[in-house]
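Peer 1:
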C-alpha cells in the first residue's frame, strides 16, 4: 500500500475558513478585533462600556463565544450593539468556521466594527485565526503578572494587552512594571495599556487605539 | 482535551478530503509530526484519535493506527543568528543572551502522510 504524502498543517482547514471570513470582512468594510483572555478578566464588561462610548462613532457588532448560554450576547444587545452568540458546547476556543456560521445573523453591511469575544482561555484560542484584523488580550490584576510568561503563546500573538482592574492594584501583588518588561521581552511589538473598566480609568487610551487602527485600515482600503 | 478532539477532527477532515479525490475510503495509518512547542502532546492526540474511532469517524476503522513523530523546537537568535534548542517558549539565545528568539521549528502540528484503502 502506497503512503500518500499530505504534508498539511493541522490547522489548514481553519486557515482556509479564516481567509474566507477575512475576504467577507474586507468586502463589507468591517474591521474585526479578536478579544481573548482567561475567564473573568472582564471582556464582556469592556465591550459593554466600549459600545456605550463609541456607539455614536461606529456601528458595532459583537460575536460572543462561550461554552454555553446566551448571557453575554444579551448583555451587549442591551447596550444597542448587534450580537450573535456562539455556543461551542465544550470546545475550548472559537474556530473560523463557527464565526462564519453566525455572520448572517449580524448583517455585515450595517457594521463598521466587529468584536469577536473568544472563549475565556489563555491557551487554545491563540492558535486559531478567525479572519480578524487585530488580536488583543485582556489580562486582569487578580490573575497576577506571571501569566504573561506562563502563557507565552497567547502573549506572543497579541498586539495589545489591556491590563484591566487596576483599581484593585492595592489589594494584589501585581507588578505592573514587571508585566510591561515581560511583555517587551517576549513580544517587543506589543503594547500594554493599564485600565479599569469598572472605575472607568484610562479607557480613552483604549478608544484612541481603536480610532487609530480603524483610521489606518480605512485609509489603506480607500 | 476538547482541544485535541477538535484538532483531530480537523485533521481527519483534511485527510478525508484527500481520500475522496483518490477514491479511497479508510485510513490504515496516519502519520503526524508534533512540535514540542505546539499546543499539544502526543498522548492527548492519541487519545483524541481513539475517541474519534469510538465516535465512528467515517474514515477510521478498529485497525486504524496513528504514528507520531516528535519535532524538537528550534529557535534562531534575532541578533546573532545562532540556532539553538530553546528551553521555553520565551527563547533566550545561549550565545549572546538576547531574548525573543524566533521559533523556526517545533511550534506546529503537521499531517505528514497516510496509508489508505
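Residue numbers (UniProt numbering), protein chains in the order written: chain A, 1 to 222; chain B, 1 to 117. For each residue, glycine too, the CB sits at the ideal point set by N, CA and C. Fair warning: this is a prediction, and the values are worked out from it, not measured in the lab.
1. May I ask you to report which of helix, strand or coil DSSP gives residue 40(A)?
2. Under 8 Å, Cβ to Cβ, is there at least one residue of chain D near residue 185(A)?
3. Would you call the stretch 19 to 28 of chain B in contact with the stretch 95 to 107 of chain B, where contact means no fewer than 3 C-beta pairs closer than 8 Å?
4. So is residue 218(A) buried or exposed if we call it buried at 16+ other beta carbons inside 10 Å?
5. Would you give the residue range spanned by the alpha helix (DSSP H) that residue 153(A) belongs to?
6. Which of the three DSSP states is assigned to residue 37(B) in this structure?
7. Consult DSSP for residue 136(A) and reduce its assignment to one of helix, strand or coil.
8. Which value, in whole angstroms, describes the spacing of the CA atoms of residue 102(B) and residue 134(A)?
9. Quick check: residue 81(A) and residue 61(A), are their CB atoms within less than 8 Å of each other?
10. Taking a Cβ distance cut-off of 7 Å, strictly less, list which residues of the stretch 36 to 48 of chain A are near chain B, in chain order.
11. Find the nearest neighbour of residue 27(A) within the set 16(A), 109(A) and 56(A), judged by alpha-carbon distance.
12. Would you mind sorting residue 50(A) into buried or exposed? The rule is 16 or more other CB atoms within 10 Å of its CB.
13. If you drop the 5 nearest sequence neighbours on each side, which residues of the same chain put their C-beta closer than 8 Å to that of residue 178(A)?
14. Do you know how far the Cα of residue 46(B) is from the Cα of residue 113(A)?
15. By the DSSP assignment, the beta strand (DSSP E) with residue 113(B) in it spans what residues?
16. Going by C-alpha distance, which of 3(A), 128(A), 142(A) and 25(A) is nearest residue 174(A)?
17. What residues match up with residue 114(A) in a beta bridge as DSSP calls it?
18. Where DSSP assigns a beta bridge to residue 85(A), which residues make up the other side?
19. What's the call for residue 118(A), buried or exposed, on a 16-neighbour Cβ count within 10 Å?
20. Report yes if the CB atom of residue 120(A) is closer than 8 Å to the CB atom of residue 86(A), and no otherwise.
21. So, is the C-beta of residue 109(B) closer than 8 Å to a C-beta in chain A?
22. Indicate whether the contact test is met: 3 or more Cβ pairs, each with one atom in the stretch 81 to 95 of chain B and one in the stretch 48 to 56 of chain B, closer than 8 Å.
23. Rounded to a whole number of angstroms, what is the C-alpha to C-alpha distance between residue 160(A) and residue 21(B)?
24. Listing by chain order, which chain A residues have their CB less than 8 Å from the CB of residue 85(B)?
25. When the cut-off is 8 Å and only beta carbons count, does residue 90(A) lie next to chain B?
26. Does the separation of the CB atoms of residue 207(A) and residue 53(A) fall below 8 Å?
27. Just how far apart, CA to CA, sit residue 124(A) and residue 3(B)?
28. What separation, rounded to the nearest whole angstrom, lies between the Cα atoms of residue 24(A) and residue 212(A)?
29. If the cut is a Cβ gap below 8 Å, which residues of chain B does residue 188(A) touch?
30. Scan the stretch 28 to 49 of chain B for residues whose Cβ lies nearer than 7 Å to a Cβ of chain A and list them as they occur along the chain.
31. Could you work out which residue in 192(A), 106(A) and 201(A) is closest to residue 167(A) when comparing CA atoms only?
32. What separation, rounded to the nearest whole angstrom, lies between the Cα atoms of residue 93(B) and residue 68(A)?
33. Locate the alpha helix (DSSP H) running through residue 22(B), then write down its first and last residues.
34. List the residues of chain A whose Cβ lies closer than 8 Å to the Cβ of residue 15(B), in chain order.
35. State the beta-bridge partners of residue 17(A) as determined by DSSP.
36. In the DSSP assignment, find the beta strand (DSSP E) that holds residue 89(B) and state where it starts and stops.
Peer 2: On the basis of the supplied data:
1. coil
2. Protein chains A and B are contained in the structure displayed, whereas chain D is not.
3. no
4. exposed
5. Unbroken alpha helix (DSSP H) run through residue 153(A): 152 to 156.
6. In the structure shown, residue 37(B) sits in coil (DSSP, three-state: anything other than H, G, I, E or B).
7. strand
8. The C-alpha of residue 134(A) is placed about 21 Å away from the C-alpha of residue 102(B).
9. yes
10. Taking 7 Å as the upper bound on Cβ-Cβ separation, chain B lies near no residue of the stretch 36 to 48 of chain A.
11. 109(A)
12. buried
13. Contacts found: 145.
14. 41 Å
15. Taken as a continuous stretch (DSSP letters only), the beta strand (DSSP E) holding residue 113(B) covers 109 to 116.
16. 142(A)
17. 32(A) and 61(A)
18. 64(A).
19. buried
20. no
21. For residue 109(B), the answer is yes, since a Cβ of chain A falls inside 8 Å of its Cβ.
22. no
23. Answer to the nearest angstrom: the Cα atoms are 43 Å apart.
24. Residues of chain A passing the Cβ test: none, with the nearest at roughly 16 Å.
25. With 8 Å as the cut-off, residue 90(A) counts as an interface residue toward chain B.
26. yes
27. 7 Å
28. 22 Å
29. 100
30. 28 and 39
31. It is 201(A) whose Cα lies nearest to the Cα of residue 167(A).
32. One alpha carbon belongs to residue 93(B), the other to residue 68(A), and they sit about 43 Å apart.
33. 2 to 22
34. 6
35. Residue 17(A) pairs with nothing; no bridge assigned.
36. Careful: residue 89(B) lies outside any beta strand (DSSP E) and carries neither H nor E.
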